[in-house]
Amino acid sequence: MTDDKLENWNELSREIAHNKILLGNGSSRAIWDNFNYPTLFEEALRLKENPLSDADARIFDLIKTTNFEDALFTLSQALKVNSILELPTDGLADRYENIRQALVSAVKSVHISWTQCDPVLDHFASSLLQYKQGVFTTNYDLILYWAVMKRPWILKDLFFSDLTFDPYNTNVWEGGTPIYYLHGGLHLYTNSRGLTKKRSRSENPENNLLTIGDNRHPPLFISEGDSAGKYQQIRKSTYLFHCLSKLLEKKPNEEVHLCIFGHGLSAQDSHISAKLALSDFDTISISLRKQDSHSLIETKTHYERIFRLYKAQGKLRFFDAATHPLGDPDISRAPSK
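Note that numbering that gives the first Met the number 0 has the sequence shown beginning at 0, numbered continuously upward.
Rendered as structure tokens:
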């Protein structure tokens, strides 16, 4: 029976040496809460470039959400239905693409500045060093990218040659920690040859925000409305497919203890969660925020349904996010009013 108990990360990590971590939006929101969907939605309405149109806003209103993925999912389903019924899809496709572009622009617009983020980047970077089998993220923002800049000799993002991903050059030295951007990011793009590249580091990291989204090199940004759409786009990218493959990898005779921090694993993420559920890892430990007993049990039940085999084998653990270094309340940067 599901209870409302959460373990303390410090005690759990002494028992289990976690060596792989999957980061979701909660890890970035722990630093900058403006990455929440209601804020992104309000910002997208105010944008000067790529704003949500009145028609876009009505779609959000119709399904009673500010969640971009829910709106995109609704449109993706409508596109499929219209296609089956041989009805026009142009208007739906236009709304779909406009909402996707508005999301990219809104993330950029509400983004924390380097100056605000810099005081906690050392802490963020050092909190990741132990995960020698990989740090994986579905976040689009620059926080992890900036953290890599703080520990470039340990945190390795695989863009070794001319800021380009080479599938034949992915080995990280034994003491290094590899970084994988599962859904792309603001700092990544695909060039005219189909190669995934990382934007160059500026002496002033703030400038990395200013060059994002130009017409020649729009960000590599997986934000399709459903899991099948996301997976389809991932399969088209040598880099993204490599990242997903490494997340699911377990070599013979090795132990894999996965920490999932700040990730809701919604239905739109089933291209990740369904595959993880079938993996043969030794432990999956999931962070949760403390809440009332009913809500906490409901949230735990959501994950237990996904990882029911892990639960049955006693390999599923839940811990209080605030006890993990990435959830330390002291790292929160207050958004500007």
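Here a beta-carbon is modelled for each residue, glycine too, at the ideal position from N, C-alpha and C.
Quick check on DSSP: helix, strand or coil for residue i?
i           : result
residue 336 : Low confidence applies to residue 336: its pLDDT is 49, below 50, so where it sits in the model is not reliable, and the reading given next is rough at best. Looking at residue 336 - three-state DSSP - the assignment turns out to be coil, as it is neither helix nor strand.
residue 308 : helix
residue 141 : coil
residue 179 : strand
residue 224 : coil
residue 280 : coil
residue 338 : Since the first and last residues shown for the chain are 0 and 336, residue 338 lies out of range.
residue 265 : coil
residue 256 : strand
residue 301 : helix
residue 6   : strand
residue 156 : coil
residue 327 : coil
residue 236 : coil
Would you report the Cα separation of residue i and residue j, rounded to the nearest angstrom?
i           : j           : result
residue 230 : residue 270 : 6 angstroms
residue 260 : residue 89  : 39 angstroms
residue 362 : residue 61  : This structure cannot speak to residue 362, because the chain is shown only from 0 to 336.
residue 336 : residue 109 : Residue placement at residue 336 is poorly supported in this model, since its pLDDT is 49, which falls under 50; the coordinates still yield a value, given next. Those two C-alpha atoms are separated by around 11 angstroms.
residue 290 : residue 3   : 9 angstroms
residue 309 : residue 191 : 43 angstroms
residue 66  : residue 50  : 15 angstroms
residue 326 : residue 124 : 13 angstroms
residue 267 : residue 227 : 8 angstroms
residue 1   : residue 105 : 38 angstroms
residue 39  : residue 306 : 30 angstroms
residue 64  : residue 224 : 14 angstroms
Output needed for residue i: all residues of its chain with C-beta closer than 6 angstroms, excluding positions within five of it in sequence on either side, in chain order.
i           : result
residue 93  : none
residue 242 : 179, 181
residue 16  : none
residue 194 : 163
residue 189 : 195, 219
residue 155 : 171, 175, 177
Tell me, to the nearest whole angstrom, how far the beta carbon of residue i is from that of residue j; I am working on the premise that it is less than 8 angstroms.
i           : j           : result
residue 142 : residue 116 : 6 angstroms
residue 20  : residue 135 : 7 angstroms
residue 197 : residue 185 : Going by Cβ atoms, the distance from residue 197 to residue 185 rounds to 11 angstroms, so no, they are not a contact pair.
residue 315 : residue 303 : 7 angstroms
Can you give me the Cβ contacts of residue i inside the same chain, cut-off strictly under 7 angstroms, excluding the 5 residues immediately before and after it?
i           : result
residue 372 : Limits of the chain in this structure are 0 at one end and 336 at the other, which puts residue 372 out of reach.
residue 322 : 7, 8, 9
Apart from the five residues just before and just after residue i, which ones in its own chain have a Cβ nearer than 8 angstroms to its Cβ?
i           : result
residue 82  : 88
residue 58  : 70, 73, 74, 94, 98
residue 295 : 3, 5, 287, 289
Does the segment 239-251 come within contact of the segment 271-288, defined as at least 3 CB pairs closer than 8 angstroms? Between the segment 239-251 and the segment 271-288 there are three or more C-beta pairs closer than 8 angstroms, enough to call the two in contact.
Quick check: the segment 48-63 against the segment 119-127, are at least 3 beta-carbon pairs closer than 8 angstroms? No, the segment 119-127 is not in contact with the segment 48-63.
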